[in-house]
Ligand code: SAM
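Residue numbers (our numbering): 98 to 389.
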């Protein structure tokens with residue numbers, strides 16, 4: 098069985114099966130053993146872990162995971178890869194390959210079946226066309242997951258870990274940081290993949306909070322405020338909220354301003370200056386106004 102990660106072995110497998118890369122599925126396979134070792138290390142994968150891999154491709158990262166974890170469940174959408182995975186993973190008895198779209202898989206049921214309902218670790222070189230929906234889907238559905246260690250576009254990784262004052266700070270930063278602590282672990286150049294993507298990449302580790310950093314009465318309202326604030330980030334928060342379709346509370350501009358100043362913020366503040374805790378305080382103040 099070929100040990101993948103070595104570009105020669107990857108080419109041999111691709112030729113054997115006359116595999117054609119699919120752009121639609123975001124296929125860029127890893128061909129750098131140092132990067133693969135790093136992913137395992139940063140994810141902290143050990144024999145105690147059941148790992149969920151999203152998009153195993155021809156099984157390169159899967160082989161590394163299988164060598165280090167107790168069990169690996171790998172979900173791959175592309176059916177032409179399934180016979181290849183059966184070949185490249187034939188030696189590993191601790192890997193289950195599921196041919197499905199990760200967006201449609203019942204992950205809680207997987208955790209139940211493979212890990213007795215305990216949290217799994219997610220480790221993946223993600224297809225870039227659906228990075229954000231996959232990560233937010235994992236968080237928002239509250240499935241049992243302790244950490245997510247993923248290869249993403251460098252720019253997306255930066256946005257996930259950014260704080261107020263950075264140009265990369267936005268709705269994605271706040272959404273990710275509401276659920277997890279981000280750590281940008283490594284930058285990865287395009288030549289570590291086959292075919293080479295047009296962008297640089299990075300490995301980011303998202304460790305789920307055991308206790309939420311902020312508690313709000315209405316999570317939906319919190320995220321509606323955040324989205325509205327960053328959809329019009331050049332405007333003051335008052336104007337952004339007053340003009341936003343996603344912020345549907347029936348309040349006048351003056352009333353919005355009153356709520357903003359009631360939590361100690363300046364009437365002219367822009368959303369991009371607010372921390373998660375300040376957005377949470379604001380959401381609760383709007384909830385109180387709504388209930389009044
Ligand atoms: N893990 C492999 C590697 O590192 O070499 C492949 C990574 S490649 C960037 C992304 C993989 O995700 C591809 O194999 C692609 O077919 C698969 N994929 C794309 N969309 C998917 C989805 N919705 N559900 C599951 N797998 C998906």
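Ideal Cβ placement from N, Cα and C applies to all residues, glycine included. The structure presented is a predicted model; accordingly, all values stated were derived computationally and were not measured.
I'd like to know whether the C-beta atoms of residue i and residue j end up nearer to each other than 8 Å.
i, j, result
"residue 155", "residue 172", "no"
"residue 301", "residue 247", "yes"
"residue 107", "residue 122", "no"
"residue 244", "residue 264", "no"
"residue 279", "residue 252", "no"
"residue 229", "residue 269", "yes"
"residue 294", "residue 118", "no"
"residue 130", "residue 160", "no"
"residue 390", "residue 333", "It is not possible to answer for residue 390, since the shown part of the chain is limited to 98 through 389."
"residue 234", "residue 327", "no"
Hey, residue i and residue j are a contact pair by Cβ (cut 8 Å); roughly how many whole angstroms apart?
i, j, result
"residue 354", "residue 341", "Not confirmed; about 15 Å, so no contact."
"residue 422", "residue 321", "Since the first and last residues shown for the chain are 98 and 389, residue 422 lies out of range."
"residue 254", "residue 313", "26 Å between Cβ atoms; not a contact."
"residue 128", "residue 104", "4 Å"
"residue 139", "residue 282", "4 Å"
"residue 157", "residue 101", "4 Å"
"residue 216", "residue 242", "6 Å"
DSSP has residue i in a bridge; who is on the other side?
i, result
"residue 279", "303"
"residue 344", "None, per the DSSP bridge assignment."
"residue 193", "170"
"residue 221", "247"
"residue 149", "170, 219"
"residue 298", "250, 285"
"residue 291", "126"
"residue 137", "Answer is none; residue 137 lacks a bridge partner."
"residue 242", "217"
Excluding the five sequence neighbours on either side, which residues of its own chain have a C-beta within less than 6 Å of the C-beta of residue i, listed in chain order?
i, result
"residue 181", "114, 155"
"residue 225", "123, 250"
"residue 325", "337, 338, 341, 343, 344"
"residue 296", "250"
"residue 189", "163"
"residue 303", "245, 277, 279"
What residue from the options has the CA that sits closest to residue i's CA?
i, options, result
"residue 285", "336, 138, 132", "132"
"residue 383", "185, 359, 326", "359"
"residue 277", "199, 208, 311", "311"
"residue 174", "190, 303, 197, 230", "197"
"residue 222", "362, 232, 216", "232"
"residue 305", "116, 274, 297, 335", "274"
"residue 315", "388, 347, 296", "388"
"residue 335", "213, 362, 208", "362"
"residue 347", "386, 134, 329, 237", "386"
"residue 120", "227, 319, 303", "227"
"residue 134", "297, 308, 307, 289", "289"
"residue 116", "145, 303, 176", "176"
"residue 236", "153, 183, 307, 213", "307"
"residue 183", "146, 153, 256", "153"
"residue 191", "151, 146, 201, 209", "146"
For residue i, which residues from the same chain have a beta carbon less than 7 Å from its beta carbon, with the 5 sequence-adjacent residues on both sides left out?
i, result
"residue 271", "323, 373, 376"
"residue 142", "148, 162, 165, 166, 218, 220"
"residue 339", "350, 353"
"residue 207", "149, 170"
"residue 318", "380, 383, 384"
"residue 239", "none"
"residue 214", "208, 241"
Could you tell me whether any non-hydrogen atom of ligand 3 is closer than 7 Å to the CB of residue i?
i, result
"residue 174", "Ligands displayed in this structure: ligand 1; ligand 3 is not among them."
Given residue i, which residues of its chain have a CB within under 8 Å of its CB, disregarding the five upstream and five downstream residues?
i, result
"residue 193", "168, 169, 170, 171, 211"
"residue 261", "369, 370, 371, 372"
"residue 330", "267, 337, 367, 368, 369"
"residue 144", "165, 166, 167"
"residue 287", "293, 294, 295, 296, 297, 298"
"residue 256", "265, 266, 267, 269, 270"
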